[in-house]
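Below is one structure, written out as structure tokens; the observations come after it.
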Amino acid sequence: MNKNLVFNFNLVNENFDGHTPKMAMIIENGLISWIGPQSKIPKKVKFKKEIDLKKKKIMPAFIECHTHTVFAGSRADEFELRNTGTSYLDIAKKGGGILSTMKKTRTASAKELLAITQERVNNFMKQGVATIEIKSGYALDLKNEIKTLEVINKVKGARVVSTFLGAHAKPPEYDSYGKYLEFLAEKVLPVVKKKKLSNRVDIFIEKNFFEVPESRTYLSAAKRLGFEVTIHANQLSFSGGAELALELGAQSADHVINLTDETIQYFGRNKTVAVLLPAADLYMKCAYPPARQLIDSGATVALATDYNPGTCPTQDLSLVGLLARLEMKMTLPEVFKAYTINAAKALGIDQEEGSLAVGKRANFISTDAELTDFFYSAGAMPEHELFIRGSRTLVG
Ligand code: NIG
Ligand code: FE
């Protein structure tokens, strides 16, 4: 018998607009096997452990669906440069940006990288995050991209979804973007697959980075190998990345700031999730993505930090939600959905988590706070506890 009971809680509704009091759930091997009114807890069942949540509210744990959490060093010096007028693309052209983080990440040992990555993952968990997507992409060679993915797969506590972003930038060893992508498709993707290090492939499609035709060839090769795909798309320009994501049935298109009305409608008819990253837009002084139009067109919209040393050196979920509310006309329930079920959809794990339903992981947040206390104060997630697969986490 391996059943635990969690009881005496107020269950936040799926629409995040209220809650149902006096609820209970049974958890077996970390999964919800029953959820319903406390008065209907099946009799005769003996529980290994019973947890009284003392009338706290519970809601699904957050899912951070776009991060670049494994990197060495900092780019604080570049922030000052960007802030005094040098553009992101100009810094990149001079070998700064992603390539400067690449140098430090290549030379860092797996042990060092794992220690800093675990600390950062703990910082996400402290904010109620049970699942975190982490991309590789700061090594850009076979040996060190594999090292990065192995580090990602060694993280403890939270569930980590790893994504291969070898196509983040062109390393100096290659003189053409196309040739580098051929190398990734032929020499790296098969190793990633064989070692089961990731089942998702991402690419940065942007002016002065990867372009659509070569990206289409690369992502199609990735799909033939059995990878799901996702794209950093339409961040700094109308790059065509979002349209390619829709064409290929990508799990998500991320950033998506520069969108035509036609593409917005295309999202509305499609399952590809638009992952919006407003904290990066704040740091980049970009426009914010057209969240309202996307949601009104029927698109699935998720939110994430984009945590990385260049465009988003913050892990603050509250800031992300706050910007979505203040600058992108998203309602509070839309922000909660964007950080739970829609984020799960972006990662293709919505059958396993993202809401509290039978068969799903018992990943939840319990709190005495009001829903309106969330995504209200930057840098301050209301007091809460995080449960992963039914167990209280220590960092929560
Ligand atoms: O999502 N745009 C590409 N990748 C990251 C930035 C990476 C970096 O500057 O280090 C992003 O914004
Ligand atoms: Fe990113």
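In the working numbering, the protein residues as written are 897 to 1292. Every residue, glycine too, gets a C-beta built ideally from N, C-alpha and C. In this text, all values refer to a predicted model and were calculated from it rather than measured experimentally.
DSSP three-state call for glycine 1288: helix, strand or coil?
What sits at residue 1288 in the sequence shown is arginine, not glycine. Residue state, collapsed to three classes: strand.
Assuming aspartate 1037 and proline 1067 make a contact with CB atoms under 8 Å, what is their CB distance in whole Å?
6 Å
Output needed for lysine 1241: all residues of its chain with C-beta closer than 6 Å, excluding positions within five of it in sequence on either side, in chain order.
Val1169 and Thr1196
Endpoints, the beta strand (DSSP E) within which phenylalanine 903 is located:
899-908
I want to know whether the segment 1017-1030 touches the segment 1221-1232 - three or more CB-CB distances under 8 Å.
no
In this structure, does DSSP put lysine 953 in helix, strand or coil?
strand
Cross-strand partners of isoleucine 1030 (DSSP beta bridge):
Ser1058
What residue from Gly1275, Asp1269, Ser1262 and Ala1253 has the CA that sits closest to tryptophan 930's CA?
Ala1253
Between alanine 1198 and threonine 963, which are expected to be in contact by the criterion C-beta below 8 Å, what is the C-beta distance as a whole number of angstroms?
With a Cβ gap of about 13 Å, alanine 1198 and threonine 963 do not count as contacting.
Pairs of beta-carbons, one from the segment 973-992 and one from the segment 1265-1277, closer than 8 Å: are there three or more?
no
Short of 8 Å in beta carbon distance, which residues of its chain neighbour alanine 1276, apart from the five on each side in sequence? Order them along the chain.
Ser1214
Three-way DSSP call (helix, strand, coil) for glycine 932 in this model:
strand
Closest Cα partner of glutamine 1023 within the set Ala1054, Pro1186, Gly1074 and Ala1063
Ala1054
Please check the pair isoleucine 1048 and valine 966, which I expect to be a contact at CB under 8 Å, by giving their CB distance rounded to whole angstroms.
6 Å
Would you call the segment 1079-1090 and the segment 1011-1023 in contact, with 3 or more CB pairs under 8 Å?
no
Span of the alpha helix (DSSP H) around glutamate 1046
1038-1050
Between which two residues does the beta strand (DSSP E) holding methionine 919 run?
915-924
Just to confirm the assignment, what range does the beta strand (DSSP E) spanning glutamate 1279 have?
Looking at the DSSP string, glutamate 1279 is not in any beta strand (DSSP E), and its letter there is neither H nor E.
Beta carbon of phenylalanine 1105 nearer than 8 Å to that of alanine 1065
yes
From the DSSP output, which residues share a beta bridge with leucine 1293?
In the structure as shown, the chain begins at 897 and stops at 1292. Residue 1293 is therefore absent and cannot be evaluated.
Measure the alpha-carbon distance for glycine 1145 versus cysteine 961 and round it to whole angstroms.
18 Å
What are the boundary residues of the alpha helix (DSSP H) that valine 1017 is part of?
1006-1021
Please report the distance separating the alpha-carbon of arginine 1288 from that of glycine 1244.
25 Å
Cutoff 7 Å; reference lysine 950; Cβ partners in own chain excluding five residues on either side
Asn904
Compare the Cα-Cα distances from arginine 1112 to each of Leu1132, Gln1131 and Ala1081 and report the closest residue.
Ala1081
Is the separation between the beta-carbon of methionine 1180 and that of threonine 1207 shorter than 8 Å?
yes
DSSP bridge partner residues for phenylalanine 1257 (one or two, in chain order)
One point to set straight first is that residue 1257 is arginine, not phenylalanine, in the sequence displayed. Paired residues: Leu927.
Under the three-state DSSP convention, the category valine 1084 falls into
helix
Please indicate yes or no: does the CB of aspartate 1269 lie closer than 7 Å to some heavy atom of the ligand FE?
no
heavy atom of the ligand NIG below 7 Å from isoleucine 1030 C-beta:
no
In whole angstroms, give me the CA-to-CA distance for glutamine 1161 and lysine 899.
46 Å
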